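Here the structure is laid out as structure tokens; the discussion comes afterwards.
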Amino acid sequence: MDIRHATHPSDAKRYDTAELRAHYLIEKLFEADRVRMTYTHEDRMVIGGAQPVKETLVLEAADTLKTEYFLERREVGFVNIGGEAEIAVDGERYTLERLDTLYVGKGVRDVRLASKDAADPAKLYFCSALAHAQIPTRKVSIKEANTLHLGSLETSNERDLNQIIHADGVQSCQLMLGITQLNTGSVWNTMPSHLHDRRMEAYLYFDLTDDARVFHMMGQPEETRHLVVANEQAVISPSWSIHSGTGTRNYSFIWAMAGENYTFKDMDVVPMDRLK
């Protein structure tokens, strides 16, 4: 379990490139037959990746959590971005095609992750937040999401925003999660940018070719910085930071939020003339 401490914006604006990447970028999430996890003190989210190939992997509570099992006081959302996956939740099996989501709630003791075909292994990205109540497990395909068609080709941000775990969709305690897919020819996400001081956010960028990159914008509006992000890398975005990006081509990303407020539209839009 990698540990990332919360940071103050006054400190972050003095970070060089290496320090920004060390604090906010998760460079490697998927490794054959291993579960990798990062614990961020930003709203206590756990961000992880699992790539079962020949082995069945178990979601275990690292010593960091100080609990008997991973979901003793947590909830988790899995999104499969690889080959067909099978997740066993206290013995009940769920099959996940590519871009299917599985929400698993507090109190589940045993979660096991496997691939249907070792030649085309699953890649299970997951985000976990603290939970106060038990909510039933639920599987959703991207076709069942609440899809918002946003932007335009003229502004290079034509995209589909798929809301999956949210107040009007799959229920949770505080976790919100969805998938945004940019159309061919569009490269900008979340611009004009915004802040939501009551919750943090994590981005996983994917569907990028090996030579493509996303320039993820972060920082306070008057003190912006950027991270250069490759395929299947994730960014931790503190509540005080904007979170926008532009790519060398179109891409997709999974966004997940945790924090005090459970209202998706609770955000403070940043006017373009405020950005520096």
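The sequence shown runs contiguously to residue 689 in the numbering used here. All C-beta atoms, glycine included, are put in the ideal place defined by N, C-alpha and C. Keep in mind the model is a prediction, meaning the values are calculated, not measured.
Query, Result
"Residue interval of the alpha helix (DSSP H) (run including Ser423)", "422-425"
"Proximity of Lys519 and Glu557 at Cβ, strictly below 7 Å", "no"
"Other residues of its chain near Arg525: CB distance less than 6 Å, five sequence neighbours each side excluded", "Thr469, Val471, Ala501"
"Beta-carbon proximity check, Val600 vs Arg551, cutoff 7 Å", "no"
"Under 7 Å between C-beta atoms of Leu617 and Ala647", "yes"
"As assigned by DSSP and simplified to three states, the class of Tyr437", "helix"
"Chain-order list of residues whose beta-carbon lies under 7 Å from that of Lys467 (same chain, five-residue window excluded)", "Asp446, Ala531"
"Within the stretch 447-490, ranges of the beta strand (DSSP E) (whole runs, at least 3 residues)", "448-453, 459-463"
"Straight-line gap, Pro549 to Glu636 (C-alpha atoms, nearest Å)", "42 Å"
"Assumed close pair Pro605, Val683 - CB separation to whole angstroms, cut-off 8 Å", "6 Å"
"Distance CB(Leu442)-CB(Gly462) smaller than 7 Å", "yes"
"Endpoints, beta strand (DSSP E) assigned at Val502", "498-502"
"One or two residues paired with Phe443 in a DSSP bridge", "Per DSSP, none; premise fails for Phe443."
"Beta-ladder partner(s) of Gly672, from DSSP", "Arg612"
"For Glu673, the nearest candidate out of Glu455, Leu433, Lys426, Arg449 (CA to CA)", "Glu455"
"Expected contact under 8 Å - CB spacing of Leu608 and Asp681 to nearest Å", "5 Å"
"Opening and closing residue of the beta strand (DSSP E) in which Glu505 lies", "505-509"
"Proximity of Leu574 and Leu566 at Cβ, strictly below 7 Å", "no"
"Sequence-distant residues of its chain with Cβ nearer than 6 Å to Asp513 (five each side left out)", "Asn493, Ser554"
"Residue range of the unbroken beta strand (DSSP E) whose run includes Val524", "524-528"
"Exposure label - Leu640; buried when at least 16 CB within 10 Å", "buried"
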